[in-house]
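Peer 1: Take this structure, written in structure tokens, and hold onto it; I'll ask about it next.
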Amino acid sequence: MKNFASTFILLLVVAAVGGYIYFNERGPVAETGSAVLMRVDPTTLTSLKLTQPGGKTVVLQKAGENWNVQQQGKGAQDSTPAVPADADTVKGLLDQLQLLQSAAAMSSDPAKLKEYGLDKPQSTLAVGEQKVEFGKKPSFDNSKIYARVGDTKNSQVALLPASLEATVTKSFDDWRDKAILRVALDDTTQFDITAPALSATFLKEPAKSSEAGATWKITKPVATSGDTTTVESFINQLPQTKTPKFLDDKPTSAAQWGLDKPIAIVKVATTKGERTLSIGKQLKDGYAAQNSTSPSVFQITTATYGLINRALREWRAKEVVKLELADLTRLQITARNATRNYSKSGDKWQAAGTNAATTNNAASTTADTVNQAVLDTILDIQNLNAQDFIDKPVAPDIYGFDKPAAHFTFTSSKSSGPITVELGSKSGKVYARTGTNSTFSPTVYILPTTALTNFKGPFDTLFGTAKPPAKKS
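The sequence shown begins at 1 in my numbering and counts up one residue at a time.
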């Protein structure tokens with residue numbers, strides 16, 4: 001019995017190995033009763049030639065890891081330079097070619113070829129020495145097409161899916177990569193934008209842990225944090241945005257399209273090299289553009305240009321300060337002409353120092369109420385988002401920092417010194433600035449006018465309800 005079990009297990013292993021070899025070495029399995037007409041290993045292919053109705057030929061050529069496509073016509077005027085091909089469209093054809101099979105193989109008698117439309121094929125797919133010639137669709141099944149598959153010595157007529165012929169006869173434009181710039185977010189390390197509204201450099205900061213993602217820094221014209229969502233969305237949109245129209249595959253003059261002096265340039269540095277998108281003159285329905293992967297001039301929409309030509313504030317991180325609640329240990333608040341100190345014990349915040357002497361109804365607050373008010377204050381600070389930025393501020397009193405509406409000093413277990421946030425108000429506007437170790441950074445943040453009112457609730461608890469001004473007698 002033990003020998004039988006061992007033999008059975010051995011047979012299973014052999015079957016599994018055989019299946020692996022079959023699937024991985026030979027490709028897909030043919031259906032029972034179907035004749036195998038052609039097998040192609042996509043990894044070994046370097047070129048494909050598609051002859052289409054009208055005499056035009058589309059040639060697909062492997063270029064490194066990618067494919068190029070070229071249209072060859074009867075004359076030079078009908079031919080194009082080799083340009084990047086659409087990867088998904090090429091893959092769709094290669095997938096179909098892995099196994100050409102048919103349950104309806106038939107006689108290759110030359111007398112029958114005219115009946116099948118194969119005496120003068122309208123389209124042909126050449127794969128090395130082998131060809132697939134396409135004829136007519138049978139009257140009884142519009143989803144099939146007569147085809148002759150083989151080489152000069154041996155061929156077979158059969159019915160194949162009409163979808164294969166539809167792929168072969170796709171127009172040259174359908175085979176082209178229409179992405180305005182083919183880049184991948186994971187490969188991108190830096191990019192620069194030069195445009196009327198912006199001249200900036202963005203640098204990727206690698207993830208600091210497996211849980212955290214990469215972040216982006218703006219290094220020019222000011223050193224600051226980039227808005228990761230905005231930056232990464234932009235990079236992802238470059239390959240996803242398709243040109244609505246190719247304008248000129250053989251441009252003879254850059255000036256004709258305004259590309260001798262582009263109005264905007266996007267340079268993307270990747271682990272695979274640099275890619276560039278140049279934007280030229282304005283057209284009726286957008287702008288002329290050209291990228292570094294092809295000489296072709298194409299059109300981008302006005303909306304696409306608008307994504308590039310955005311003011312710096314649109315690219316910047318809007319949060320005034322980044323605070324991790326779990327890392328905070330102490331907080332000092334100065335507001336309403338008083339100062340309060342709080343420390344964290346476990347996960348609860350409690351009054352510290354001289355906070356026992358409070359004003360108005362604050363003296364009667366419970367420990368839970370104080371804890372909640374401190375948490376609400378921290379949350380309100382975490383939610384401070386700038387509407388705009390002043391990178392070269394003037395005197396502090398212009399922004400109300402000579403008499404701050406609120407001053408917060410945090411101690412964090414992850415910071416080498418205290419973290420300061422200060423809020424000011426002047427002429428109906430609200431501002432913020434931040435710093436560490438008692439030194440403020442130069443940037444002043446312009447906040448929504450409602451920013452200070454968000455602190456009223458927790459401040460009423462921590463400082464006491466503000467008394468209305470006394471009426472004059």
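Built from N, CA and C at the ideal position, the CB exists for glycine as well.
(1) Write down the C-beta distance between residue 66 and residue 82 rounded to the nearest angstrom, noting that I regard them as a contact closer than 8 Å.
(2) Just verifying my parser: in three-state terms, what is the DSSP assignment at residue 239?
(3) Excluding sequence positions up to five away, which residues of its chain have a Cβ less than 7 Å from the Cβ of residue 116?
(4) If I measure Cβ to Cβ from residue 447 and keep anything under 7 Å in the same chain, skipping five residues before and after, which residues do I get?
(5) With respect to the alpha helix (DSSP H) encompassing residue 371, which residues constitute its N-terminal and C-terminal limits?
(6) Should the region 120-139 be regarded as contacting the region 41-59, the criterion being three or more beta carbon pairs within less than 8 Å?
(7) Rounded to whole angstroms, what's the CA-CA distance from residue 273 to residue 436? Just pull it up for me.
(8) Cutting at 8 Å between CB atoms, please list the residues of its own chain near residue 229, excluding the five before and the five after it.
(9) Once DSSP output is grouped into helix, strand and coil, what is the label at residue 92?
(10) Run through the DSSP bridge pairs and tell me what residue 437 is partnered with.
(11) Quick one: what does DSSP say residue 179 is sitting in, helix, strand or coil?
(12) Suppose the cutoff is 8 Å on Cβ atoms and the five residues either side in sequence are ignored; what does the same chain contact list for residue 205 look like?
(13) For residue 363, count neighbouring C-beta atoms within 10 Å of its own C-beta (all shown protein chains included) and say buried if the count is 16 or more, exposed if not.
(14) Quick one: what's got a C-beta closer than 6 Å to residue 182's C-beta in the same chain, skipping five residues either side?
(15) Do residue 320 and residue 394 have their CB atoms nearer than 8 Å?
(16) Distance check for residue 341 and residue 282, CA to CA, integer angstroms please.
(17) Nearest-angstrom Cα distance between residue 40 and residue 232?
(18) Have a look at residue 168 and residue 318 and give me their C-alpha separation to the nearest angstrom.
(19) Can you find at least 3 beta carbon pairs, one from the region 250-259 and one from the region 140-155, that sit closer than 8 Å?
(20) Is the beta carbon of residue 424 less than 8 Å from the beta carbon of residue 445?
(21) Looking at the structure shown, is residue 290 part of a helix, part of a strand, or coil, going by DSSP?
(22) How many whole angstroms separate the CB atoms of residue 458 and residue 377, which I take to be in contact at a CB cut-off of 8 Å?
(23) Quick check on the DSSP output: what are the complete beta strand (DSSP E) runs of length 3 or more inside the region 214-262, in order along the chain?
(24) Helix or strand or just coil, what does DSSP make of residue 462?
(25) From the DSSP output, in three-state form, read off residue 425 for me.
(26) Where does residue 106 land, buried or exposed, given buried means 16+ other C-beta within 10 angstroms?
(27) Taking the beta carbon of residue 306 as the centre, do at least 16 other beta carbons fall within 10 Å, making it buried, or is it exposed?
(28) Helix, strand or coil for residue 125, going by three-state DSSP, please let me know.
(29) Measuring only the C-alpha atoms, how far is residue 128 from residue 225?
(30) The beta strand (DSSP E) spanning residue 115 covers which residue range?
(31) Find the nearest neighbour of residue 325 within the set 443, 415, 438, 150, judged by alpha-carbon distance.
(32) Out of 196, 199, 176, state which residue places its alpha-carbon closest to the alpha-carbon of residue 71.
(33) So, for residue 190: in the same chain, excluding its five sequence neighbours on each side, which residues have a beta-carbon less than 6 Å away from its beta-carbon?
(34) In three-state DSSP terms, what is residue 87?
Peer 2: According to the structure shown:
(1) Not a contact, Cβ separation roughly 11 Å.
(2) helix
(3) 135, 136, 146, 157
(4) 384, 386, 387, 430, 431, 432
(5) 367-382
(6) yes
(7) 39 Å
(8) none
(9) helix
(10) DSSP output for residue 437 lists no bridge partner at all.
(11) strand
(12) 214, 215, 216, 217
(13) Note that residue 363 scores a pLDDT of 46, beneath 50, so its modelled location is shaky and nothing firm can be said.
(14) 239
(15) no
(16) 59 Å
(17) 38 Å
(18) 50 Å
(19) no
(20) no
(21) strand
(22) 5 Å
(23) 215-220, 245-248
(24) helix
(25) strand
(26) exposed
(27) exposed
(28) strand
(29) 53 Å
(30) Unbroken run through residue 115 is the alpha helix (DSSP H), 110-116; no beta strand (DSSP E).
(31) 415
(32) 176
(33) 203, 269
(34) helix
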